[in-house]
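Undergrad: In this note's numbering, the protein residues as written are 32 to 257. First the structure, which I've put down as structure tokens, then a few questions once you've had a look.
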Ligand code: PEP
């Protein structure tokens, strides 16, 4: 199975031309990469500029669960589907912390992503969140969900999780969801540690924040596991 590498640009960059430049530099750098599913999740406003291409898929960083209506400021899963998004990140720790997202909201969002034929990437930092955040999802649909293990202390800090702890958590998640479940690691991934999470801790892929804003570093990460 292809390894998955997801770039989470968060609320960056500030200008559209910077986003286009970042995307085209990454695209140029990964032209010959095979056996990797590469996904870029830019801010919503750049989704249309960054059309998905055969070697880079498009993802969103969040969504709203209702299709449309009087919900000022929200972007629905249905709208993201129309923009050709394949993946949607749900329950990122920054959304849980800054925007007070609850397990009920996360459940609704996951449901909306699935019912619009996209793949949810559920971010967790504790094992119990699997049960809490997926309580309304039934057995068959569970197989479509990707889990991203992102320990809080490792996000945006430069203090990545030890391979030993990451591997142990990966095994615990697979113990709950099945050995064939897709589990990613996220938290201060760099070109120096990326391959260890894949080849030593056996993750199916990576969720990359800060390092995805530097095209050459991000391309190095991709190359290190391809
Ligand atoms: C993230 O926010 O999902 C993330 C992994 O960030 P960073 O790579 O900067 O730690």
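The beta-carbon is built from N, C-alpha and C at its ideal position, and this holds for glycine as well.
1. If you reduce the DSSP assignment to three classes, tell me which class residue 91 lands in.
2. Taking the C-alpha atoms as reference points, what is the distance between residue 159 and residue 203?
3. Quick one: what's residue 236 bridged to in DSSP?
4. Give a single yes or no on whether residue 48 has its beta carbon closer than 7 Å to a heavy atom of the ligand PEP.
5. Out of 169, 116, 125 and 129, point me to the one whose CA is closest to residue 139's CA.
6. Keeping to the same chain, check which residues put their C-beta closer than 6 Å to that of residue 43; ignore five residues upstream and five downstream.
7. Looking only at its own chain, which residues have a Cβ that is under 7 Å from the Cβ of residue 232, when we skip the five neighbours before and after it?
8. Determine the direct distance from the alpha carbon of residue 237 to that of residue 165, and round the result to whole angstroms.
9. Candidates 222, 229, 230 and 234: which alpha carbon is nearest residue 242's?
10. Identify the residues that DSSP records as bridge partners of residue 76: which are they?
11. Counting along the chain, where does the alpha helix (DSSP H) carrying residue 220 start and finish?
12. Could you check where the beta strand (DSSP E) with residue 53 kicks off and where it finishes?
13. When burial is assigned at 16 or more other CB atoms within 10 Å of the CB, is residue 39 buried or exposed?
14. Can you give me the C-alpha to C-alpha distance between residue 32 and residue 132, rounded to a whole angstrom?
15. Could you give the DSSP three-state label for residue 101: helix, strand or coil?
16. At a threshold of 7 Å, does residue 186 count as lining the ligand PEP (C-beta to nearest heavy atom)?
17. Pick out whichever of 96, 122 and 84 has its Cα sitting closest to the Cα of residue 161.
18. Kindly indicate which three-state DSSP category residue 135 falls into: helix, strand or coil?
19. Once you ignore the five residues that flank residue 175 on each side, which residues in its own chain have a CB closer than 8 Å to its CB?
20. Can you tell me whether residue 239 is buried or exposed? The criterion is at least 16 other CB atoms within 10 Å of its CB, across all chains shown.
21. Tell me whether residue 158 sits in a helix, a strand or coil according to DSSP, three-state version.
22. Can you tell me whether residue 76 is buried or exposed, with buried defined as 16 or more other CB within 10 angstroms of its CB?
23. May I ask which residues mark the beginning and end of the alpha helix (DSSP H) holding residue 250?
TA: Looking at the coordinates:
1. Three-state result, residue 91: strand.
2. Residue 159 and residue 203 have their C-alpha atoms spaced approximately 11 Å apart.
3. In DSSP, residue 236 forms a bridge with 35 and 215.
4. Taken from the Cβ of residue 48, every heavy atom of the ligand PEP lies 7 Å or farther away.
5. The shortest Cα separation from residue 139 among 169, 116, 125 and 129 belongs to 169.
6. Residues 244 of the same chain have their beta carbon placed closer than 6 Å to that of residue 43, with the five preceding and five following residues left out of the count.
7. Its chain contains 194, 197, 198, 201 and 216 as the residues whose beta carbon lies nearer than 7 Å to that of residue 232, once the 5 sequence neighbours on both sides are disregarded; these appear in chain order.
8. Spanning the two alpha carbons is a distance of roughly 21 Å.
9. Checking every option, the nearest Cα to that of residue 242 belongs to 222.
10. Partner(s): none; residue 76 has no beta bridge.
11. For residue 220, there is no enclosing alpha helix (DSSP H), since its DSSP letter is neither H nor E.
12. Where residue 53 is concerned, there is no enclosing beta strand (DSSP E), although the alpha helix (DSSP H) it sits in stretches over 47-60.
13. With a threshold of 16 other beta carbon atoms within 10 Å, residue 39 meets it and is buried.
14. Approximately 32 Å, taken between the alpha carbons.
15. DSSP places residue 101 in coil when its eight states are reduced to three.
16. It does: the Cβ of residue 186 is within 7 Å (strictly closer) of some heavy atom of the ligand PEP.
17. Considering only alpha carbons, the answer is 122.
18. Helix at residue 135.
19. Residues 145, 150 and 151 of the same chain have their beta carbon placed closer than 8 Å to that of residue 175, with the five preceding and five following residues left out of the count.
20. That one is buried.
21. Of the three classes helix, strand and coil, the one that applies to residue 158 here is coil, per DSSP.
22. Exposed: under 16 other Cβ atoms inside 10 Å.
23. Segment 246-256, the alpha helix (DSSP H) holding residue 250.
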